[in-house]
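**Q** Have a look at the structure that comes next, please.
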Amino acid sequence: PRKIFSGIQPTGQLHLGNYLGAVQKWTQLQNSGDDVTYCIVDMHSITIPQNPAVLRENIFEMAATMLACGLDPQKSTIFVQSSVQEHTELGWILSCLCTMPRLGHLPQYKEKSRTVKDVPLGLYVYPVLQAADIMLYKATHVPVGEDQLQHIQLTQHLSRIFNTKFGQTFPICHAMIDNHDAARIRSLRNPAKKMSKSDLDTKATINIRDAPEVIVEKIKKAVTDFTSDVTYEPEARPGVSNLVVIHSMVSGTPIEKVVEEARAIDTGRYKLRVAEAVVEHLKPIRLAIDEHLAQKNDLIHLLESGAERARQVAQQNIVEVKEKMGLGIYR
Ligand code: ATP
Ligand code: MG
Numbered sequence: 050p051r052k053i054f055s056g057i058q059p060t061g062q063l064h065l066g067n068y069l070g071a072v073q074k075w076t077q078l079q080n081s082g083d084d085v086t087y088c089i090v091d092m093h094s095i096t097i098p099q100n101p102a103v104l105r106e107n108i109f110e111m112a113a114t115m116l117a118c119g120l121d122p123q124k125s126t127i128f129v130q131s132s133v134q135e136h137t138e139l140g141w142i143l144s145c146l147c148t149m150p151r152l153g154h155l156p157q158y159k160e161k162s163r164t165v166k167d168v169p170l171g172l173y174v175y176p177v178l179q180a181a182d183i184m185l186y187k188a189t190h191v192p193v194g195e196d197q198l199q200h201i202q203l204t205q206h207l208s209r210i211f212n213t214k215f216g217q218t219f220p221i222c223h224a225m226i227d228n229h230d231a232a233r234i235r236s237l238r239n240p241a242k243k244m245s246k247s248d249l250d251t252k253a254t255i256n257i258r259d260a261p262e263v264i265v266e267k268i269k270k271a272v273t274d275f276t277s278d279v280t281y282e283p284e285a286r287p288g289v290s291n292l293v294v295i296h297s298m299v300s301g302t303p304i305e306k307v308v309e310e311a312r313a314i315d316t317g318r319y320k321l322r323v324a325e326a327v328v329e330h331l332k333p334i335r336l337a338i339d340e341h342l343a344q345k346n347d348l349i350h351l352l353e354s355g356a357e358r359a360r361q362v363a364q365q366n367i368v369e370v371k372e373k374m375g376l377g378i379y380r
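Sequential numbering from 50 applies to the sequence shown in UniProt numbering.
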């Protein structure tokens with residue numbers, strides 16, 4: 050069976066891009082009979098300054114959101130990264146196998162380092178920690194959005210290096226980016242950029258817990274272009290096309306049909322139609338998040354037992370790595 054692993058940062062509320070590009074797929078995969086593990090990667094989130102109280106709330110909120118989106122702790126291992134210390138241990142080991150030039154050109158680093166004055170070392174090396182997250186579980190498949198492709202390639206590279214130097218240990222993982230339309234949901238304010246949790250422009254992102262009137266307002270203000278009909282041309286018309294993709298995904302209607310049905314209306318009226326579909330789709334999720342958040346003890350229990358399960362695999366694999374490298378005291 051496949052070994053599936055993926056992660057999400059507790060840097061804020063889940064947005065439509067995370068949901069359509071990653072989490073929705075995660076819920077489908079847990080019914081595939083594969084071994085699935087999903088991690089709230091809090092160690093990654095501190096690559097950008099975080100307020101401790103807010104970070105703690107965001108971790109619980111992310112856990113509640115994952116459950117509300119349909120993840121089932123009976124079928125998936127769900128846990129918080131910092132609860133399993135082997136992640137950082139393997140992260141250090143891999144950083145000794147990685148050269149500096151491999152990291153500087155990665156897009157996420159380039160984008161985020163622009164937003165902070167003094168760039169922390171952690172922001173620079175964090176793709177190595179991400180490789181460690183994946184390799185620690187010897188994952189074979191990693192369901193992510195398109196923005197993560199180069200980080201997965203780094204993981205493949207580090208697996209090969211380790212295997213060559215110390216003997217066959219890690220599988221070469223595959224990035225599962227199967228729905229290319231949803232793999233890169235764009236910012237509502239700047240369709241050249243992807244939608245991001247840490248975007249400072251709050252109108253750029255539709256959060257999964259946004260109230261209906263907020264969603265309507267944001268979609269009304271979404272940047273499109275000067276053509277008034279609704280078409281799907283991702284290259285030439287990224288703004289409208291982004292709305293078409295969102296509409297198609299939340300209503301479960303193929304893109305061609307969505308466009309066909311919008312033939313008689315202009316983009317202004319079309320925006321209202323998209324907003325309505327988004328509100329409709331997110332409503333039950335929003336209510337479920339509130340319910341899960343009200344049961345904090347259940348969330349804690351779930352994350353603890355998830356960490357326990359993850360730790361068993363992590364410990365076994367880190368011992369194998371250290372033995373092969375000559376680290377520590379082994380007979
Ligand atoms: P941050 O801005 O803090 O990095 P983010 O929105 O990029 O937040 P992550 O936690 O980094 O979210 O990524 C979680 C998952 O969501 C990853 O698999 C990522 O590829 C996917 N993802 C993020 N943004 C988008 C997007 N706009 N469209 C599709 N998938 C996305
Ligand atoms: Mg990101």
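For glycine and all other residues, C-beta sits at the position ideal for the given N, C-alpha and C. All values reported here derive from a predicted model rather than from experimental measurement.
1. Please list, in chain order, all residues of the same chain as Lys371 whose beta carbon is under 7 Å from its beta carbon, the five residues on each side excluded.
2. Measuring only from the beta carbon, is Ser81 closer than 7 Å to any heavy atom that is part of the ligand MG?
3. May I ask you to check if the CB of Val131 is nearer than 7 Å to at least one heavy atom of the ligand ATP?
4. Can you give me the C-alpha to C-alpha distance between Leu78 and Val85, rounded to a whole angstrom?
5. In angstroms with no decimal places, state the Cα-to-Cα distance between Ile255 and Val272.
6. Let me know the secondary structure DSSP gives Ser81 once reduced to three states.
7. Does the beta-carbon of Glu262 have 16 or more other beta-carbons within 10 angstroms, so that it is buried, or is it exposed?
8. To the nearest whole angstrom, what separates the beta carbons of residue 46 and Asp274, a pair I think is in contact under 8 Å?
9. For the putative contact between Arg235 and Asp250, defined by C-beta atoms under 8 Å, what is the C-beta separation to the nearest angstrom?
10. What first and last residue would you give for the beta strand (DSSP E) that runs through Lys52?
11. Hey, Asp91 and Pro122: beta-carbon distance below 8 Å or not?
12. Near Met298, which residues of its chain fall below 7 Å by C-beta distance, leaving aside the five closest residues on each side in sequence?
13. Candidates Ser277, Ile57, Glu357, Tyr186: which alpha carbon is nearest Asp315's?
14. Pull up the distance between the alpha-carbon of Ile97 and that of Leu172, whole angstroms please.
15. Just to confirm, are Leu352 and Phe128 a CB contact at a threshold of 8 Å?
16. Given 7 Å as the limit, tell me if Met244 has its C-beta closer than that to any heavy atom belonging to the ligand ATP.
17. Do Gln199 and the ligand MG come close, with the Cβ less than 7 Å from some heavy atom?
18. Using DSSP with H/G/I as helix, E/B as strand and the rest coil, what is Arg235?
**A** Taking the geometry as given:
1. Looking up residue 371 in the sequence shown gives position 322. Non-local C-beta neighbours of Lys371 in its own chain, meaning closer than 7 Å and more than five positions away in sequence, comprise Gly377, ordered along the chain.
2. As a working note, residue 81 is residue 32 in the sequence shown. Outside the cutoff, so no.
3. By 1-based counting over the sequence shown, the position of residue 131 is 82. Here the sequence assigns Ser to residue 131, which means Val is not the residue at that position. Between the ligand ATP and the CB of Ser131, the shortest heavy atom gap is not smaller than 7 Å.
4. As a first step, residue 78 is located in the sequence shown; it is residue number 29 there, counting from the start. As a first step, residue 85 is located in the sequence shown; it is residue number 36 there, counting from the start. Approximately 8 Å between the Cα atoms of the pair.
5. As a working mapping, residue 255 is identified with position 206 in the sequence shown. As a working mapping, residue 272 is identified with position 223 in the sequence shown. Pairing Ile255 with Val272, the inter-Cα distance amounts to about 14 Å.
6. For the purposes of this step, residue 81 is taken as the residue at position 32 of the sequence shown. DSSP places Ser81 outside both helix and strand once states are collapsed to three, so it counts as coil.
7. Your numbering for residue 262 matches position 213 in the sequence shown. Residue burial annotation: Glu262 is exposed, with fewer than 16 other C-beta atoms found within 10 angstroms of its C-beta.
8. Outside the displayed range of the chain (50 to 380) lies residue 46, so it cannot be described from this structure.
9. The count along the sequence shown starts at 1 and reaches residue 235 at position 186. The count along the sequence shown starts at 1 and reaches residue 250 at position 201. Not really, about 13 Å apart at Cβ, beyond 8 Å.
10. In the sequence shown, residue 52 corresponds to position 3, counting from 1. Lys52 -> beta strand (DSSP E) spans 52 to 57.
11. Walking along the sequence shown from the start, residue 91 turns up at place 42. Walking along the sequence shown from the start, residue 122 turns up at place 73. Going by C-beta atoms, Asp91 is not nearer than 8 Å to Pro122.
12. For the purposes of this step, residue 298 is taken as the residue at position 249 of the sequence shown. So the qualifying residues of the chain are Leu69, Ala231.
13. Position 266 of the sequence shown, counted from the start, is the residue given in the question as residue 315. The option with the nearest alpha carbon to Asp315 is Ser277.
14. To locate residue 97, count along the sequence shown from 1; it is residue 48. To locate residue 172, count along the sequence shown from 1; it is residue 123. Using only the alpha carbons, I get a separation of about 7 Å.
15. The residue you call residue 352 lines up with position 303 of the sequence shown. The residue you call residue 128 lines up with position 79 of the sequence shown. Yes, Cβ-Cβ distance for Leu352 and Phe128 is below 8 Å.
16. As a position in the sequence shown, residue 244 is number 195, starting the count at 1. Yes, since a heavy atom of the ligand ATP falls inside the 7 Å radius drawn around the Cβ of Met244.
17. By 1-based counting over the sequence shown, the position of residue 199 is 150. Incorrect: Gln199 has no Cβ contact closer than 7 Å to the ligand MG.
18. Against the sequence shown, residue 235 aligns to sequence position 186. Residue state for Arg235 is assigned as strand, using DSSP reduced to three classes.
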